[in-house]
């Protein structure tokens with residue numbers, strides 16, 4: 001679904017040139033659950049932003065659904081983004097002035113979904129995420145975990161091809177964090193494609209594959225062995 | 001503490017130089033407007049306030065029966081009878097109700113004296129100017145007395161003592177009896193007060209309304225009582241007698257002919273609130289323009305309000321940026337009061353700057369303002385500075401208190417935790433103020449458009465006459481009896497000049513009306529038409545049409561004896577369907593009783609006074625019919641070619657043959673008539689300038705507010721963009737609410753604009769109707785302006801870097 005080849009990103013200021021990504025190659029297939037890890041400044045967020053079409057690459061190739069994304073104008077990126085990508089952020093990024101219902105509705109509005117369908121979809125996703133009783137509330141009235149569930153609902157409501165999660169548990173306590181991770185695992189089990197950035201090994205262990213980055217390059221890839229638990233029990 | 005406050009104030013000032021500057025500028029424009037209004041207000045309300053007798057002195061006016069005509073003149077015997085029979089009246093004076101100019105001589109000097117008043121009886125009782133030299137009482141008792149102002153005395157006599165010296169006017173000698181000091185402003189500020197106004201004939205003439213009568217009552221006398229007694233004097237001496245002459249009861253007479261109604265205006269309030277008469281000002285210094293005063297004061301208050309609203313809006317909006325500072329201050333121990341004090345302190349500094357700025361604006365534009373008002377206002381006087389301090393206090397209270405309290409109420413914890421920048425706090429009040437601003441802007445735009453179309457209507461109205469290429473030249477010939485003869489000779493000679501196409505005259509002037517009017521009753525209807533004595537060919541030269549019958553002509557001998565023309569207005573008033581050949585008994589009598597006239601023609605109505613009033617009923621007779629010779633101007637139609645040369649020839653002729661003492665003077669008739677709407681043209685210009693000011697302030701306010709509220713929404717915009725919002729959708733989203741505010745504000749502005757402008761238009765007998773056009777134009781232009789500003793700002797914010805706001809806020 002996503003093929004990245006030799007992708008580079010260079011930040012230029014007047015005096016310094018910083019290379020955030022240097023020659024990244026990566027492939028994400030339909031149904032993958034990938035985690036990117038690495039220290040601060042390693043370029044993982046930049047990569048995520050480029051994949052999410054919030055940022056553009058300097059060089060290389062990024063194909064989403066066999067379409068070349070590098071060199072696309074803002075308008076084209078916005079069009080692809082709204083149809084295909086769902087975002088989950090560390091700080092939720094909900095609009096405080098809008099109710100939960102209205103927040104979830106936003107992607108549907110921008111994708112010109114009909115009124116009747118919108119309501120149906122929102123109710124369906126809210127039920128799935130167990131926030132049905134919160135639809136009339138405003139984000140500031142909810143706990144962190146509930147807010148993140150709203151954000152997940154918003155990311156999913158339009159059935160995106162891929163979900164990008166940027167440290168989704170970073171602002172949550174462990175109980176709420178766990179809930180969110182289970183939610184993602186659940187989604188993955190049902191066939192969703194997920195790309196996640198995290199600091200936490202524990203969170204990463206929920207995914208199929210973890211990529212480690214440092215100084216703008218990928219230096220290791222490994223498959224996570226979820227059956228490790230089985231070994232532990234057998235011991 | 002104050003130093004700390006000052007440091008942070010300077011910091012913020014430097015941080016947003018443009019906004020701070022515009023803020024001060026906006027406020028100073030508002031304050032400047034109020035200063036202008038105050039200067040005008042003070043001046044108009046100061047008239048006659050120096051006069052210790054202002055409460056006891058009254059000007060007498062007469063309202064003529066059914067006719068709405070009001071004159072500021074009274075017959076001499078009426079005044080004298082009042083004085084003799086009403087004990088409350090202490091003294092009276094008659095004087096010419098306007099300033100005249102005359103040639104004055106002293107020894108071998110000769111000059112044209114201006115601001116001359118001729119008076120009789122106790123002029124200096126009603127206008128007790130301080131006497132500097134000479135007699136203090138009975139100043140005008142001798143017919144050959146004159147009193148002069150100290151300035152005039154200095155001019156004529158230098159350092160000599162003027163008392164007892166002789167000056168001549170009209171070749172008659174007058175002895176200087178008194179030197180007085182002019183107190184200003186006053187309804188009368190004469191340079192000369194000559195005695196000998198009243199002659200033997202005047203003493204008996206109850207029908208001659210020639211001079212202005214002032215009465216001074218005893219202290220504490222009731223105005224109503226005096227008025228009632230004066231009305232009674234009129235009834236006994238006029239109505240009863242006239243009824244007796246006609247052989248009817250007084251009641252019957254009043255029913256048929258109406259009655260003269262006496263009006264008295266107290267000097268203390270006469271300048272602004274005196275009775276409006278259609279025949280010019282009641283006093284030589286004119287009347288105060290109460291309407292313009294109210295307009296100026298009202299508009300200046302509106303503009304100040306607008307700039308205050310702007311200030312409050314910006315202050316509360318930018319206060320959010322300072323929420324953290326306030327939080328920290330509170331944590332380290334500041335009380336709510338101290339926070340309020342700090343922000344009021346900041347407002348005070350800004351207001352001081354704004355007032356200094358405003359004073360500079362006023363100082364620079366005062367000459368234009370004075371020119372506009374025809375005044376010479378200056379910024380001084382204890383009263384003015386007190387008012388300035390009052391404005392200072394008022395602006396601080398209005399502009400400062402609200403934002404200060406708003407800021408001091410920030411909740412410390414919320415503020416410090418962040419996220420406050422996106423708080424909704426105070427937003428509704430800012431929005432409603434924005435709506436209010438839109439309302440004011442709508443009011444101004446609509447007002448300016450309506451005033452503008454009324455003025456252009458007046459400028460383009462068909463006046464019923466054509467003054468093109470016709471000049472009015474004052475004809476000052478002192479021998480009244482020979483004036484007509486002199487005119488006819490002069491006419492023959494002037495007509496020979498190349499460049500002179502026609503010469504004619506009539507007793508009146510275009511714009512100011514006629515000089516006399518006489519009442520008569522026809523068919524039981526009393527009318528008081530204007531008397532138009534005119535030369536043959538006058539109507540033709542002015543292209544005034546005859547709708548029925550014929551013009552007066554030298555071919556018919558009876559035209560100088562018993563024929564006249566009437567205008568349409570008169571025919572309508574007395575109900576004549578077929579006026580031609582109707583015999584009407586006129587208001588003029590000779591030894592055989594009332595003179596009778598036959599109507600030989602009907603003149604199409606033309607405007608002789610401004611468009612404020614209806615065309616009055618008029619009658620037209622030849623100059624030879626009555627031989628009053630009360631024309632004061634000659635009308636000359638000149639060819640546009642070699643105009644300078646023609647004028648030079650006329651000048652030479654005038655100075656040689658007509659009156660060597662006066663400089664030759666002329667005015668185009670069209671220009672003279674344009675003076676009747678000069679006032680409105682000024683109001684139009686005033687509205688236009690204020691409109692610019694208001695729109696600039698409002699636009700700036702809108703821009704600033706839109707900036708603040710959009711910047712508050714940057715994160716929201718970033719989120720929306722992330723979710724796929726495209727630029728045009730975002731632009732719509734961002735500008736939508738301002739369009740709604742604009743519409744609401746406009747709706748609020750409509751009613752006051754409609755009502756006030758209707759009221760203004762009621763001043764005019766000939767006026768436009770208020771159509772939807774100005775409202776539509778105002779709405780569209782307001783919407784366009786709003787869209788331009790909001791979209792510009794919105795476009796700028798949609799171009800933000802999404803990542804920055806998603807990550808770090």
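Chains as they are written, first to last, in UniProt numbering: chain A, 1 to 235; chain B, 1 to 809.
Even for Gly, the Cβ is constructed at its ideal location relative to N, Cα and C.
Since we're looking at a predicted model, the values are computed, not measured.
Hey, how far is the Cα of residue i from the Cα of residue j?
i             : j             : result
residue 443/B : residue 749/B : 5 Å
residue 17/B  : residue 23/B  : 10 Å
residue 114/A : residue 161/A : 20 Å
residue 83/A  : residue 801/B : 21 Å
residue 4/B   : residue 681/B : 53 Å
residue 353/B : residue 381/B : 22 Å
residue 822/B : residue 647/B : In the structure as shown, chain B begins at 1 and stops at 809. Residue 822/B is therefore absent and cannot be evaluated.
residue 755/B : residue 392/B : 32 Å
residue 806/B : residue 87/A  : 11 Å
residue 171/B : residue 387/B : 51 Å
residue 795/B : residue 96/A  : 23 Å
residue 50/B  : residue 32/B  : 28 Å
residue 314/B : residue 385/B : 29 Å
residue 235/A : residue 205/A : Any reading at residue 235/A needs caution, since the residue's pLDDT is 37, under 50, leaving its predicted position unreliable; the model's value is listed next. Between residue 235/A and residue 205/A, the C-alpha separation is close to 20 Å.
residue 57/A  : residue 6/A   : 10 Å
Please tell me whether residue i has its Cβ less than 9 Å away from any Cβ of chain A.
i             : result
residue 356/B : no
residue 430/B : no
residue 768/B : no
residue 720/B : yes
residue 726/B : yes
Just checking: is the beta-carbon of residue i within a distance shorter than 9 Å of some beta-carbon in chain B?
i             : result
residue 39/A  : no
residue 145/A : no
residue 168/A : no
residue 71/A  : no
residue 110/A : yes
residue 159/A : no
residue 83/A  : yes
residue 123/A : no
residue 117/A : no
residue 55/A  : yes
Would you mind stating whether residue i and residue j have Cβ atoms separated by less than 9 Å?
i             : j             : result
residue 858/B : residue 234/B : It is not possible to answer for residue 858/B, since the shown part of chain B is limited to 1 through 809.
residue 53/A  : residue 77/A  : yes
residue 118/B : residue 203/B : no
residue 639/B : residue 505/B : no
residue 787/B : residue 735/B : yes
residue 605/B : residue 578/B : no
residue 597/B : residue 563/B : yes
By DSSP, does residue i sit in helix, in strand, or in coil?
i             : result
residue 472/B : strand
residue 422/B : Unreliable positioning characterises residue 422/B in this predicted model, as indicated by a pLDDT of 49, which lies under 50. A coordinate reading is not provided.
residue 106/B : strand
residue 147/B : strand
residue 403/B : helix
residue 601/B : strand
residue 498/B : coil
residue 77/B  : helix
residue 198/A : coil
residue 15/A  : coil
residue 347/B : helix
residue 214/A : strand
residue 505/B : coil
Between the options, which has its C-alpha nearest residue i's C-alpha?
i             : options                  : result
residue 739/B : 780/B, 713/B, 716/B      : 780/B
residue 90/B  : 298/B, 79/B, 722/B       : 79/B
residue 105/A : 167/A, 50/A, 152/A, 65/A : 152/A
residue 49/A  : 65/A, 33/A, 66/A, 70/A   : 70/A
residue 447/B : 64/B, 689/B, 366/B       : 689/B
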